[in-house]
Amino acid sequence: MSAPIVLQIFRGESDAGQEQRFEVPAVEGMVVLDAVHYVQANFANDLACRWNCKAAKCGSCSAEINGRPRLMCKTRVDEFADQEIHVGPMRTFPLIKDLVTDVSWNYEVNKQIPGFTPAPNEPVPYRMLPEDTERVYEYRKCIECFLCQDVCHVLRNHDDKSAYYGPRYMVRIAALEMHPLDTRKRTGLLHGKAGVGMCNITKCCQEVCPEHIKITDNAIIPLKERMATDVYDPVARIARKLRPGRASQPGSESPDGLAGATPPQRFAVKDVVRLKTRGRRFARVGRVLPDGKLEVWILHMNGKVQHWDGPKIVRTSEVTNNYGPLDEVGIGSKLVEQYITEDHAAEQQH
Ligand code: SF4
Ligand code: SF4
Ligand code: FES
Numbered sequence: 005m006s007a008p009i010v011l012q013i014f015r016g017e018s019d020a021g022q023e024q025r026f027e028v029p030a031v032e033g034m035v036v037l038d039a040v041h042y043v044q045a046n047f048a049n050d051l052a053c054r055w056n057c058k059a060a061k062c063g064s065c066s067a068e069i070n071g072r073p074r075l076m077c078k079t080r081v082d083e084f085a086d087q088e089i090h091v092g093p094m095r096t097f098p099l100i101k102d103l104v105t106d107v108s109w110n111y112e113v114n115k116q117i118p119g120f121t122p123a124p125n126e127p128v129p130y131r132m133l134p135e136d137t138e139r140v141y142e143y144r145k146c147i148e149c150f151l152c153q154d155v156c157h158v159l160r161n162h163d164d165k166s167a168y169y170g171p172r173y174m175v176r177i178a179a180l181e182m183h184p185l186d187t188r189k190r191t192g193l194l195h196g197k198a199g200v201g202m203c204n205i206t207k208c209c210q211e212v213c214p215e216h217i218k219i220t221d222n223a224i225i226p227l228k229e230r231m232a233t234d235v236y237d238p239v240a241r242i243a244r245k246l247r248p249g250r251a252s253q254p255g256s257e258s259p260d261g262l263a264g265a266t267p268p269q270r271f272a273v274k275d276v277v278r279l280k281t282r283g284r285r286f287a288r289v290g291r292v293l294p295d296g297k298l299e300v301w302i303l304h305m306n307g308k309v310q311h312w313d314g315p316k317i318v319r320t321s322e323v324t325n326n327y328g329p330l331d332e333v334g335i336g337s338k339l340v341e342q343y344i345t346e347d348h349a350a351e352q353q354h
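Residue numbers (this note's numbering): 5 to 354.
This is the structure we're talking about:
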């Protein structure tokens with residue numbers, strides 16, 4: 005029979021409390037949440053812990069296990085052979101009791117983000133290409149466990165919740181900004197209240213995400229690039245003066261206190277866009293011209309091979325959606341080859 009597991013569980017309320025030692029019989033396949041439940045059932049009926057699914061899907065059982073933010077239901081006790089297992093509450097949020105923290109600040113932040121906004125004339129039911137849905141699928145895997153918020157040093161060490169929404173909400177904003185049917189711009193919000201500039205790309209959030217969302221690589225960095233283009237790019241500034249962007253049009257300013265924020269420019273170099281007048285064609289932005297028009301390279305597919313034809317000048321009114329900057333592979337990661345061709349004649353035929 006294997007030795008009992010030694011748990012050191014934090015007990016206390018508000019700022020006062022200390023660890024209490026428990027011994028729990030080891031059972032094969034046991035996770036930390038099982039051990040905590042054993043303690044609740046046998047030694048400490050008043051031990052407070054939050055959980056729901058026990059399947060790593062509800063995001064309720066977040067805690068700090070041996071100093072690392074983790075889901076209790078996804079952490080096996082045999083990972084800690086011959087070690088005591090220290091279980092404590094997330095430290096970034098106010099403690100309610102024992103392992104339960106008050107995470108309501110996150111829900112308040114969530115309310116400040118303008119939701120999904122399709123074009124008024126977008127036909128319903130909404131239709132999207134499979135590659136479009138793949139692009140946003142990663143962000144939609146979030147289970148709101150707030151482990152990334154817990155580990156983020158901007159929120160945790162500096163307790164600066166007024167300056168930064170945190171990685172979870174960068175993921176949500178990315179899901180909206182890169183949604184193929186969303187038309188709203190949120191770069192003014194990112195630059196202002198959401199505080200994307202506070203993130204210094206340490207990637208700690210990405211390391212603890214139980215859904216393996218590449219929070220920094222696929223959400224925060226693209227949002228930073230987009231925000232920087234909109235707010236700081238001098239060419240984009242000139243273009244905005246010549247041709248005001250969407251956010252400066254009547255009724256387009258978000259209702260979240262962004263007055264005074266620099267009106268965002270909708271397009272940046274390397275953004276992938278969908279062209280209205282060319283069916284469901286994708287194009288990659290090569291340049292944003294001073295008059296606001298776009299020089300684009302238009303995507304043609306031949307099986308899994310991409311051809312980017314161009315350059316072609318299009319008006320921004322020809323663009324239905326802006327997907328944001330994609331990596332060098334382009335749309336989706338399953339494509340094996342891509343070619344850039346200067347083929348105006350070929351483009352005319354389509
Ligand atoms: S990468 Fe940014 S959001 Fe993530 S933990 Fe570091 S500072 Fe916070
Ligand atoms: S992004 Fe990952 S770590 Fe952050 S709340 Fe969502 S699932 Fe949890
Ligand atoms: S109990 Fe649902 S994620 Fe752990």
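We put the beta carbon where it would ideally sit given N, CA and C, even for glycine. Keep in mind that this is a model prediction, so the values were computed, not measured.
Using beta-carbon positions only, say whether residue i and residue j come within less than 8 Å of one another.
| i | j | result |
| --- | --- | --- |
| Thr191 | Val235 | yes |
| Ala52 | Lys101 | yes |
| Ile1 | Lys280 | Outside the displayed span of the chain (5 to 354) sits residue 1, for which this structure offers no information. |
| Ala67 | Pro93 | yes |
| Asp164 | Pro73 | no |
| Glu142 | Gly63 | no |
| Val10 | Glu27 | yes |
| Gly196 | Ala167 | no |
| Ile177 | Leu151 | no |
| Ile89 | Ile117 | no |
| Gln22 | Ile13 | no |
| Thr187 | Ala123 | yes |
| Val300 | Gly290 | yes |
| Val360 | Lys297 | What is shown of the chain runs 5 to 354, which leaves residue 360 out entirely. |
| Met231 | Leu185 | no |
| Ala179 | Val212 | no |
At a threshold of 7 Å, does residue i count as lining ligand 1 (C-beta to nearest heavy atom)?
| i | result |
| --- | --- |
| Cys213 | no |
| Ile225 | no |
| Cys53 | no |
| His195 | no |
| Ile217 | no |
| Val158 | yes |
| Val318 | no |
| Thr137 | no |
| Val155 | yes |
| Thr96 | no |
| Thr121 | no |
| Thr233 | no |
| Thr220 | yes |
Do residue i and ligand 2 come close, with the Cβ less than 7 Å from some heavy atom?
| i | result |
| --- | --- |
| Pro171 | yes |
| Ile177 | no |
| Cys203 | no |
| Cys208 | no |
| Leu151 | yes |
For residue i and chain D, any beta-carbon pair shorter than 8 Å?
| i | result |
| --- | --- |
| Leu159 | Reference to chain D is not applicable here, since this structure consists of a single protein chain. |
Since residue i and residue j should fall inside the 8 Å C-beta cutoff, what is the C-beta to C-beta distance between them, to a whole number of angstroms?
| i | j | result |
| --- | --- | --- |
| Ile224 | Met174 | 5 Å |
| Asn222 | Arg172 | So it is not a contact: roughly 14 Å between Cβ atoms. |
| Ile302 | Asp313 | 5 Å |
| Val36 | Met76 | 4 Å |
| Val91 | Leu103 | 7 Å |
Pocket of ligand 3 (residues with CB nearer than 7 Å to any heavy atom), chain order: Every residue whose beta carbon comes nearer than 7 Å to a heavy atom of ligand 3 appears here in chain order: Leu37, Trp55, Asn56, Cys57, Lys58, Ala59, Ala60, Lys61, Cys62, Gly63, Ser64, Cys65, Leu75, Met76, Cys77, Lys78, Ile147, Cys149.
Inside the region 88-124 only - beta strand (DSSP E) runs reaching at least 3 residues: Counting whole runs of 3 or more residues, the region 88-124 contains the beta strand (DSSP E) stretches 89-92, 99-101.
Alpha helix (DSSP H) runs contained entirely in the region 158-198, provided each spans 4 or more residues: Taken in chain order, the complete alpha helix (DSSP H) segments of 4 or more residues contained in the region 158-198 are 171-181, 191-195.
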